[in-house]
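If you use the UniProt record's numbering, the sequence shown closes out at 404, no skipped numbers anywhere.
Yeah, the Cβ is synthetic: ideal placement off N, Cα and C, and Gly gets one too.
Note that the structure is a prediction, hence the values are computed from the model and not measured.
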Amino acid sequence: MSLSFLCSFFLVFPSKRQCLQVLDMTGLQDDGIDQGPESMSLWSRTVTLAKACIDRRKGPYSSSVTLPPPQPVSVEVHVDLFVNSTSYGVLKDALQNNANSVLRLKCRDFRAEELPIASTVGLLEFLDPTGVRQVDLRFNNLGLSGLRVILPHMAKFTNLVSLKLPYSNIDVRRLSAGMEGSLHYFATQLSRLSCLKELNLGSSRLSGKLRQLLGDLQGPLESLELAFCYLLPNDLAYLSQSLHTPTLKKLDLSGNNLSDSLLQPFQHLLEEASSSLLHLDIMECRLMDIHLESLFPALCRCSQLRYLGVFGNPLSARGLKNLLQRTMGLLYLQLVIYPYPVDCYSENLPWPPTSSNLLNGSVDEEKFSRVSAELQQMLLTASRTDVVWTTNLCRHNTLDYFNL
């Protein structure tokens, strides 16, 4: 049954709503993979539902129709919401009159992109505090000053499990005295989120501050995303000794240089997380064959691992074959995202190549096809065709925390 049909149903047959009290529309796919032509994106569903709520208040036939007194029974629609500057107005209108609407939106996962701070706060205030399990604010350029304004409004979400703040423009490397206070306040507000299990601070410059940010959390995290965070050895040293590591199911350290001073602390961290880790992202970490070789003992201890992302690392065809051979014993491994081998590029790469060199370089498709075929043959010979090895970052789903 399509979303548009349901909305039309409620508009045309309002008396029928008493037969239905709760409609769960959460969890509908929004990845663009294997979707039919009639599939709606999360943004489109958000706008359609918001408009349906507004239209129902106006009446099903004309804006001039006088509505009867509100009925005691309405439909509570459980939804995931995605809002940006284009859809902000219609969603705000729907949410601020939610209590009096025949269709009452109860948000489970809330995602906002490129919204001003005041608009974000306004929408958070309208959300039912008991239903929200995830808040995802990205590309909002909040900085520490913006987060200082927004974080207090999340304390009311008593069931908040996941907080994602990627691309928030946090930089702790040159803090003024005032900004030090903002960082402390941010950490204090995080510690008030008693149910928090997933935290994404990707693309923030957190050098040396991980202990301060995570040290006062009330419980251990199970998913931690710190991609492109300019981490230092003492950050990984803290993490490997923290209460979080033995419970980590998902860890993303992509974009941090694990080939130099972070290599040994990362190896220790991997050992400490090996019993629980299901999802490991170490893309674009400047890892060469020699570095990967040193990580194999710890990596092979991750007996529950299902996903491994090593795309964007300067690995050779031989290094990839070695990786495949060494991880063959990880019986739960389902998906490996691997890089184009450095020896399959058409031109000579500078050494060591940067992520930009690898992403923008020209790959010799004939050479790569041979390597890819050899990897597939190795999987076939080992009876491990259940494992997908691919260079495609978009075609296959990585593991979401709530699906781990």
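Does DSSP put residue i in a helix, in a strand, or in coil?
{"i": "residue 109", "result": "strand"}
{"i": "residue 137", "result": "strand"}
{"i": "residue 260", "result": "coil"}
{"i": "residue 161", "result": "coil"}
{"i": "residue 388", "result": "strand"}
{"i": "residue 410", "result": "As shown, the chain starts at 1 and ends at 404. That puts residue 410 outside it, with no answer to give."}
{"i": "residue 119", "result": "helix"}
{"i": "residue 313", "result": "coil"}
{"i": "residue 125", "result": "helix"}
{"i": "residue 132", "result": "coil"}
{"i": "residue 406", "result": "Any property of residue 406 remains undetermined from this structure, which presents the chain solely from 1 to 404."}
{"i": "residue 205", "result": "strand"}
{"i": "residue 41", "result": "coil"}
{"i": "residue 51", "result": "helix"}
{"i": "residue 396", "result": "coil"}
{"i": "residue 104", "result": "strand"}
{"i": "residue 449", "result": "Residue 449 cannot be examined here, being either before or after the span of the chain that is shown, 1 to 404."}
{"i": "residue 230", "result": "coil"}
{"i": "residue 286", "result": "coil"}
{"i": "residue 99", "result": "helix"}
{"i": "residue 167", "result": "coil"}
State the Cα-Cα distance for the pair residue i and residue j, rounded to the nearest angstrom.
{"i": "residue 223", "j": "residue 229", "result": "16 Å"}
{"i": "residue 375", "j": "residue 171", "result": "41 Å"}
{"i": "residue 55", "j": "residue 115", "result": "25 Å"}
{"i": "residue 80", "j": "residue 163", "result": "15 Å"}
{"i": "residue 125", "j": "residue 182", "result": "22 Å"}
{"i": "residue 155", "j": "residue 190", "result": "9 Å"}
{"i": "residue 111", "j": "residue 83", "result": "6 Å"}
{"i": "residue 349", "j": "residue 339", "result": "14 Å"}
{"i": "residue 245", "j": "residue 100", "result": "46 Å"}
{"i": "residue 108", "j": "residue 159", "result": "10 Å"}
{"i": "residue 226", "j": "residue 259", "result": "16 Å"}
{"i": "residue 76", "j": "residue 127", "result": "13 Å"}
{"i": "residue 371", "j": "residue 309", "result": "18 Å"}
{"i": "residue 206", "j": "residue 247", "result": "22 Å"}
{"i": "residue 214", "j": "residue 95", "result": "33 Å"}
{"i": "residue 299", "j": "residue 121", "result": "42 Å"}
{"i": "residue 408", "j": "residue 293", "result": "Residue 408 lies beyond the stretch modelled for the chain, which goes from 1 to 404, so this question has no answer here."}
What are the start and end residues of the beta strand (DSSP E) that includes residue i?
{"i": "residue 235", "result": "Careful: residue 235 lies outside any beta strand (DSSP E), inside the alpha helix (DSSP H) at 233 to 241."}
{"i": "residue 337", "result": "335 to 337"}
{"i": "residue 307", "result": "307 to 309"}
{"i": "residue 180", "result": "Not the beta strand (DSSP E): residue 180 falls in the alpha helix (DSSP H), residues 177 to 191."}
{"i": "residue 417", "result": "Outside the shown range of the chain, which is 1 to 404, sits residue 417, and nothing can be said about it."}
{"i": "residue 198", "result": "198 to 200"}
{"i": "residue 82", "result": "75 to 83"}
{"i": "residue 281", "result": "279 to 281"}
{"i": "residue 225", "result": "223 to 225"}
{"i": "residue 250", "result": "250 to 252"}
With 16 other CB atoms within 10 Å as the buried threshold, where does residue i fall?
{"i": "residue 252", "result": "buried"}
{"i": "residue 385", "result": "exposed"}
{"i": "residue 85", "result": "exposed"}
{"i": "residue 332", "result": "exposed"}
{"i": "residue 198", "result": "buried"}
{"i": "residue 347", "result": "exposed"}
{"i": "residue 353", "result": "buried"}
{"i": "residue 418", "result": "Beyond the ends of the chain as shown, which are 1 and 404, falls residue 418; an answer cannot be given."}
{"i": "residue 168", "result": "buried"}
{"i": "residue 269", "result": "buried"}
{"i": "residue 46", "result": "buried"}
{"i": "residue 261", "result": "exposed"}
{"i": "residue 341", "result": "buried"}
{"i": "residue 146", "result": "buried"}
{"i": "residue 297", "result": "exposed"}
{"i": "residue 284", "result": "buried"}
{"i": "residue 281", "result": "buried"}
{"i": "residue 52", "result": "buried"}
{"i": "residue 395", "result": "exposed"}
{"i": "residue 389", "result": "buried"}
{"i": "residue 195", "result": "exposed"}
Looking at the unbroken alpha helix (DSSP H) that takes in residue i, where does it start and where does it end?
{"i": "residue 271", "result": "263 to 273"}
{"i": "residue 359", "result": "355 to 360"}
{"i": "residue 321", "result": "317 to 326"}
{"i": "residue 367", "result": "365 to 381"}
{"i": "residue 91", "result": "88 to 96"}
{"i": "residue 294", "result": "289 to 299"}
{"i": "residue 342", "result": "From DSSP, residue 342 is part of no alpha helix (DSSP H); its letter is neither H nor E."}
{"i": "residue 213", "result": "210 to 214"}
Any beta-carbon of chain D closer than 8 Å to the one on residue i?
{"i": "residue 372", "result": "Protein chain content of the structure displayed is limited to a single chain, and chain D is not contained in it."}
| task | Assess, as a yes-or-no matter, whether the stretch 234 to 254 is touched by the stretch 172 to 179 under the definition of 3 or more beta carbon pairs within less than 8 Å. | result | no
| request: Take every Cβ of the stretch 130 to 149, pair it with every Cβ of the stretch 370 to 382, and state whether three or more of those distances are shorter than 8 Å. | output: no
| field | Contact the stretch 283 to 300 vs the stretch 315 to 323: 3+ CB pairs below 8 Å | value | yes
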